[in-house]
Structure formats: structure tokens, C-alpha cells
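J.: For the sequence shown, our numbering gives the first residue as 115, with consecutive numbering after it. Cβ atoms here follow ideal geometry from the backbone N, Cα and C, with glycine treated the same way.
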Amino acid sequence: MSFLPQLDKLKPALDAAFERISKEFNDGGVTVLMPTYSPSQGRLLSEFNRVGGKAVIVGGMKDKPSYKNVPQFGLDFDTTAYINMFPQGMSEQITGTIPEALLKDKKVAIFAFITPPASWAKHIADRKLNTDIVATNEQNTRLFFENKGNLMHILKEAGLEAYVIPTEVVSSKLPEKELRAIYHRMKNDAGKVVVQPTVENYEPTRFIGTADEFVRHISKSKIPFKVVRFVEGNEANLSFFAGNTLPAENGRGVVKTNLPDGIDRGDANSLALIEAHAAEAGINESNVFSVTGRATLKVVGDRLLANEPGDSVGNNIGHVYEEHIARQITEIGEKLGKKMALSGKVGHAGADLIIDRSGKIWINEINDRQQGPTDQMSADAESNNLPGLSRLAWFAHYADFSKPENLNLLSAIRDNADAIHAKYMNGPGSFYIKAFATHDASYDGKTPVKIDLPAGVYTVTRKVGGAFEWKYAGEDAKVSPVDLTADSITVQISSGSLKKGDTPPSGAELFRVTGIASGANSPFIIENGVSTLNPVYRTMLEQLYKDAFGEGYIEKNPQYRARAVKPGTGNDNLAKKSPAVKR
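(1) Compare the Cα-Cα distances from R505 to each of I527, R652 and E479 and report the closest residue.
(2) Spell out a yes or no on whether the segment 353-364 and the segment 402-411 are touching, meaning 3 or more CB-CB pairs, one atom from each, closer than 8 Å.
(3) How big is the Cα-Cα spacing for D470 and M491?
(4) Could you tell me which residues DSSP pairs with L411 in its beta bridges?
(5) For a cutoff of 9 Å on Cβ pairs, would you count S608 as touching chain D?
(6) Assign P672 to one of three DSSP states: helix, strand, or coil.
(7) For D645, which option in G415, I630 and L658 has the closest C-alpha, if you only look at C-alpha atoms?
(8) Name the one or two DSSP bridge partners that H462 has.
(9) Measuring only the C-alpha atoms, how far is R697 from I639?
(10) Please identify the residue among N383, Y674, S516 and K242 whose C-alpha is closest to the C-alpha of M266.
(11) Under the rule that 16 or more other beta-carbon atoms within 10 Å means buried, what is I565, buried or exposed?
(12) Per DSSP, S645 is paired with what?
(13) Identify, in the order they occur along the chain, each residue of the same chain with its Cβ nearer than 8 Å to the Cβ of K459, setting aside the five sequence neighbours on each side.
(14) Indicate the three-state DSSP secondary structure (helix, strand or coil) for R576 in the structure shown.
(15) Assuming F582 and Q484 are in contact, meaning their beta carbons sit under 8 Å apart, how far apart are those beta carbons, in whole angstroms?
(16) Would you report the Cα separation of P501 and G367, rounded to the nearest angstrom?
(17) Could you name the residues of the same chain whose beta carbon sits closer than 7 Å to that of G550, not counting the 5 residues immediately before and after it, in chain order?
(18) Do you know how far the Cα of M539 is from the Cα of K168?
(19) Quick one: is A127 buried, meaning 16 or more other Cβ sit within 10 Å of its Cβ, or exposed?
(20) Rounded to whole angstroms, what's the CA-CA distance from S116 to T444? Just pull it up for me.
(21) With distances taken between CB atoms, is the gap from N351 to T488 smaller than 9 Å?
(22) Measure the alpha-carbon distance for A130 versus S497 and round it to whole angstroms.
(23) Return the CA-CA distance between H391 and E327, expressed in angstroms with no decimal places.
(24) Would you call D686 buried or exposed, if buried means 16 or more other Cβ atoms sit within 10 Å of its Cβ?
(25) Going by DSSP, which residues form a beta bridge with Q186?
(26) Name the two residues that bound the continuous beta strand (DSSP E) containing D532.
(27) Can you give me the start and stop residues for the alpha helix (DSSP H) that Y512 sits inside?
(28) How many angstroms separate the CA atom of I322 from the CA atom of H298?
(29) Assuming contact is defined by CB atoms lying nearer than 9 Å, are G273 and R241 in contact in what I supplied?
(30) Buried or exposed: V165, going by 16 or more other Cβ atoms within 10 Å of its Cβ?
(31) Do the segment 142-157 and the segment 174-187 touch if we need at least three Cβ pairs shorter than 8 Å?
(32) By the three-class DSSP mapping on this structure, what secondary structure does R626 have?
(33) Is the beta carbon of G432 less than 9 Å from the beta carbon of F545?
(34) Measuring straight from C-alpha to C-alpha, what distance separates V308 and N478?
(35) Decide if H462 is buried, meaning its Cβ has at least 16 other Cβ atoms within 10 Å, or exposed.
(36) Pull the bridge partners of P311 from the DSSP assignment, please.
Here it is in C-alpha cells:
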């Protein structure tokens, strides 16, 4: 065992390290810079500034800061709608907004939520202002691990073959007879298959239910497609940390690697080359480890909250799974985390899971980045005196591991990884519900917000007849666990706000409704083996949309108009990652 073997001492020690980094950066004149499409992911920067650090955000919309104590330099339009795609020139626009005074002959540490293909560091260097990047959390390993055509091989190499959804990669050049055979081989009992491009953002995921439609769709394509059997069940996000205890020789953090030059990122067999490249840097079985958080209960595609059937609309982070499901979650987090660590990955990662009606888990995809629920999961853990994954990732990237106290702490966290995970899986937790601008794009600029809706705590009161009233209670009012049998509850609007006259673009995430709940009081429940929005919360949120945008707004949602289905049954696996999706 390393020092600090007691689990209850790890969180205070990590907090102290967080403050040390802040002081060291200040003394060295280092600014933490977050160039991003999604400013709402910057909670850690707010905490960093609160303990004396200097951090800024670049991205989002001008004059709409996400945090009061974090300076933010926005653009003339809201960048959050582009969270999971990188339109040509957009990353350059964001980095071009960074004031020259922050870069010219200055030291910065880069804190990236999602790294664009060319990296934020390169875009900053291209400004030729003699900027010294002293530390960064950027890596490009996601270009391999998030390639959907590589998923099966990665899982098999990680010892997770039992969790692979039946999948085939199909070329449009195949004859019709063979395409029909593939459809019949891959369809589920209801005749449904999932068709997903192997190239990110080439087109949305399709859910196809006939052989004729399958042949038509594949035949007209110019790229290969991944064809997956549709699995009926509820979805979950699993978050974990992957890393090692090998101090970087130059600068801060532990050793991390990027993909080796010249490899074929779309060839699953490149995994061996990636691991060999990491091994050359000293990364091996003796120093890698992972810390698994927990798996949430996730809802996708609810037609009240999102205008795309694949949009993730929220998570119940505190959901406690039955033992036979929990064992599978533990195995997946440990094996996948270590496989990614052996490939040079350091920091946040996770997986999208589908839990079928028998309790069997299937791995839908790998996310080589911070997922949507990870930061709130971390905050929940910290309130329960556990090391948060967010602060652990920050520590691994920015601490000076030439100092024994830092390396000893990291080793102690490694040694206690199993105990930390067990506490995560069963501890109390919160929820968040994501509210998107759900109108069709044709209404952009024509749907102004009708009221101010500031971030903070709200009291939601049940009125006579079953309607609800939302009333602002203040920024720092107390949030109590939800009791739906009471006349009123308290929840919080965070990660965004609205002002009267705002015209958010279609698909943009507006804010998140967060709170503490469990059991029947949770916003997401399982009906017939499928996760869905609790009907009581649905009524509350319908009222909130009407208050914000007026009567008739809900009907402007193309999904609401087009899909004559039961609300809340959006559980499609391999969901489309639309521009507004944040995992």
C-alpha cells in the first residue's frame, strides 16, 4: 500500500492537491484556458478560480457567461449547437477569439472538453504569439477508440467479447442478394436493424425495418456502414478514469501518448501499433490503472426535451443496479479502462451501455472523453467524501509528479480503485434533465424567449387541477430531495440560463434541471424494461417550456409532430450523436 491507505483520506488529499496546483500556476504566471464549444462543462474552472487560480473560457455566446467567476470570451453566435461536430473553420474562430493579451509571450495550460481534429494547441500555436503551453489534457486517441468500426475488435482484445452486440461492417459494393442476406442475419425478432456510418458525422444513424429499405439505403452510400442488431432495453452511461503512475519527463502530469503517425485509424488492427507506441513511452501493465465510477440510468430521444430521436436528454446518476447487473458494470469499467490506459490514454473515458430486459449488458460504443454525467457524478462523489473523477483527471494532467507527495497520492488512489468504485455504485446521487431548443430549424430567430429564466434554485408547486408553477427561489437556496407526494419540490436550473428576447438555435442545449431523487421520485423510470421520463416530471417540464416560449412551442418540435409514438420511448441503441449531444 502507498501512503494514505484509508479511503476517507483520499478526497481531502486530492482537494489539497487541487489547491496546490492553483498556487503553483499562479506563482508561475500560468492561465488555464478552456477553448470549447460547450462552456457549461467548465464547472471545474469555477472551483479552480474559487481557490485562487486563474482560468478563462473561450466559446459559447458573447456576453452570456456560464459562470460568474470565470471570464468568458464568446462569439457572435452560440457554439454549443456544434458540441459533437467540427464545421470547417469553427475551431479557428474560437481560438481567434482568445485575447492576444492572454497568449502573447504568456504561459497557458489547456483544459479541453473535446479536442478538435487538429487540436486546440495547434490552433493556438498557429496564432504565432509565442505562447508557452506548459500543460494540456489534449489527446487524439478518440479518433481511434470512437471509430465505430473498431469497437468489436477493441472489446475482444479487452476481454469483453461477451458484451459485443452482433455487428457487421457492410460495403455498398456488395450485390443485392448478399445485402438482403446480411439484413436477415442481423435483424432482431421485430425485423429491426441499426445502420450507422463508420465515418463520424457522415449522416445520422438509421433504424431500418425492412430488407427493401436496407438495400436502398446501403446501395446509394459511398462509405461502409456498421450494421447492428437492435437491442431493446434501457440505456446507461458508464464513466471511468484511465491512466498510469508514470511521471512525465518534461512538464506536468503523467505520461500520455497520441496516436502514432501514419496508422490507419479506421483499421481495428491498428490497436496493436497504438499499444506498442505507448509501451515505447514506458506505459505497461505495471503502471496502468483505472478507476470506475458508476453507470447511470439514461433516457434518449424524448420528444418533449429534444428534436432528434438520438439526443441524450438526461441521467439518473444515483440509480442503484441489481447485483447481477452491477457485476457486469464493474468488469466492463475495469477491463476497458485498463485497455485504454495501455494505449496511452489518460483522463476521462466511458461507454454507452444497453441493458436488455433480462439484465444482460451490451456495449453500444466507447466514449474517449468526459461524458455528460461524469462531472455531476464527480460532484456527488465529492459530497460523499470520495475522490471525484473530474478532480482525479485534472490531477493526472496538471500535477507535478516529480514531487513525492503527488505521486504517492496517485498511487494510493490506484491501490484503492476497487473500494472507490464500490462506494460510487451504492452511494446517493443526483439527476439531471437536459432541456434543448426543440423547435425545427425553420423557426430559428422566430421563437424568442418570453421570460427571464436565470440559473438557480426553483420551487415547483402543484396547483389545483394538476398544473405546476415554477418560481425562482434564489441562486443559493437549499435543494432538498424530491418528494413527489408533497405540494412542492425544489430543483435547480444550471449549466445555462435564458433571458427574455433570446433566440436560441434549434438543437442547442438550453440548461439542465438538476436535483436529488431516488426510487419513484426519480425523473426517469423503467417501464417494460425501457427507461422513460416520469409522467409527473413530464407535466412539470411541459409547463416550463410554455412559460419560456409560449403556447404552441412544443408543437414546433419536428419529432413531436412526426412521431406518433408514446412519449418517452426513445430508447434506440446506437443513437445519432446530433450537434447538441453532450455525453
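T.: Put simply:
(1) Here residue 505 refers to the residue found at position 391 when the sequence shown is read from its first residue. Closest option to R505, Cα to Cα, is I527.
(2) yes
(3) Translated into the one-based positions of the sequence shown, residue 470 becomes position 356. Translated into the one-based positions of the sequence shown, residue 491 becomes position 377. Using only the alpha carbons, I get a separation of about 24 Å.
(4) What you label residue 411 is simply residue 297 of the sequence shown in a count that begins at 1. For L411, which the question treats as bridged, DSSP gives the partners N430.
(5) No chain D is part of this structure, which consists of one protein chain only.
(6) The residue given as residue 672 occupies position 558 in the sequence shown. Here P672 sits in helix by DSSP.
(7) On the sequence shown, position 531 is the one that residue 645 refers to. In the sequence on display, residue 645 carries Ser and not Asp. Of G415, I630 and L658, the residue nearest in Cα terms is G415.
(8) As a working mapping, residue 462 is identified with position 348 in the sequence shown. According to DSSP, H462 bridges with F355.
(9) As a working mapping, residue 697 is identified with position 583 in the sequence shown. As a working mapping, residue 639 is identified with position 525 in the sequence shown. Annotation note: pLDDT 34 at R697 (below 50); position unreliable, coordinate value reported separately. Spanning the two alpha carbons is a distance of roughly 20 Å.
(10) Numbered from its first residue, the sequence shown carries residue 266 at position 152. The candidate whose alpha carbon is nearest that of M266 is N383.
(11) The count along the sequence shown starts at 1 and reaches residue 565 at position 451. With fewer than 16 other Cβ atoms within 10 Å, it is exposed.
(12) In the sequence shown, counting from the first residue as 1, residue 645 sits at position 531. BP columns for S645 point to I640.
(13) On the sequence shown, residue 459 is found 345 positions in, with the first residue counted as 1. So the qualifying residues of the chain are Q253, T255, F259, A356, G357, K370 and D482.
(14) For this step, residue 576 is matched to residue 462 along the sequence shown. R576: strand per DSSP, three-state reduction.
(15) Against the sequence shown, residue 582 aligns to sequence position 468. Against the sequence shown, residue 484 aligns to sequence position 370. Incorrect: roughly 33 Å between the Cβ atoms, too far for contact.
(16) As a working mapping, residue 501 is identified with position 387 in the sequence shown. As a working mapping, residue 367 is identified with position 253 in the sequence shown. So the two alpha carbons sit approximately 18 Å from each other.
(17) Here residue 550 is taken as the residue at index 436 of the sequence shown, counted from 1. One detail in the question is off: residue 550 reads as Phe in this sequence, not Gly. Counting only Cβ-Cβ distances below 7 Å, and skipping sequence neighbours, we find L419, A420, N421, D425, G621, A622, E623, L624 and A694.
(18) As a working note, residue 168 is residue 54 in the sequence shown. As a working note, residue 539 is residue 425 in the sequence shown. The straight-line gap from Cα to Cα measures roughly 34 Å.
(19) Residue numbering aside, residue 127 sits at position 13 when the sequence shown is read from its first letter. Buried: at least 16 other Cβ atoms inside 10 Å.
(20) Indexing the sequence shown from 1 puts residue 116 at position 2. Indexing the sequence shown from 1 puts residue 444 at position 330. With a pLDDT of 45 at S116, under the threshold of 50, the predicted position of this residue should be treated as unreliable, and no value is reported.
(21) Residue numbering aside, residue 351 sits at position 237 when the sequence shown is read from its first letter. Residue numbering aside, residue 488 sits at position 374 when the sequence shown is read from its first letter. Yes, the pair counts as a contact, with Cβ atoms nearer than the cut-off.
(22) Residue mapping note: residue 130 aligns to position 16 of the sequence shown, counting from 1. Residue mapping note: residue 497 aligns to position 383 of the sequence shown, counting from 1. Each residue's Cα considered, the two are about 16 Å apart.
(23) Mapped onto the sequence shown, residue 391 falls at position 277. Mapped onto the sequence shown, residue 327 falls at position 213. When rounded, the distance between both Cα atoms is 43 Å.
(24) For the purposes of this step, residue 686 is identified with residue 572 of the sequence shown, where counting begins at 1. Because the pLDDT of D686 is 35, which lies under 50, any placement of that residue in the model is unreliable, and the number read from its coordinates should be weighed accordingly. It counts as buried.
(25) Residue mapping note: residue 186 aligns to position 72 of the sequence shown, counting from 1. Answer by DSSP bridge pairing, in chain order: I171.
(26) Taking the first residue of the sequence shown as position 1, residue 532 is located at position 418. Counting along the chain, D532 falls outside any beta strand (DSSP E), though it belongs to the alpha helix (DSSP H) covering A531 to N540.
(27) By one-based count along the sequence shown, residue 512 stands at place 398. Residues L503 to Y512.
(28) One-based indexing of the sequence shown puts residue 322 at position 208. One-based indexing of the sequence shown puts residue 298 at position 184. Going by the C-alpha atoms only, they are around 12 Å apart.
(29) As a first step, residue 273 must be located in the sequence shown, where it is residue number 159. As a first step, residue 241 must be located in the sequence shown, where it is residue number 127. No.
(30) Numbered from its first residue, the sequence shown carries residue 165 at position 51. By the 10 Å Cβ count, V165 comes out exposed.
(31) yes
(32) Indexing the sequence shown from 1 puts residue 626 at position 512. Looking at R626 - three-state DSSP - the assignment turns out to be strand.
(33) Taking the first residue of the sequence shown as position 1, residue 432 is located at position 318. Taking the first residue of the sequence shown as position 1, residue 545 is located at position 431. Yes, they are a contact pair.
(34) Start at 1 with the first residue of the sequence shown, and residue 308 comes out as number 194. Start at 1 with the first residue of the sequence shown, and residue 478 comes out as number 364. Approximately 11 Å between the Cα atoms of the pair.
(35) Looking up residue 462 in the sequence shown gives position 348. Burial call: buried.
(36) Position 197 of the sequence shown, counted from the first residue, corresponds to residue 311. In DSSP, P311 forms a bridge with F339.
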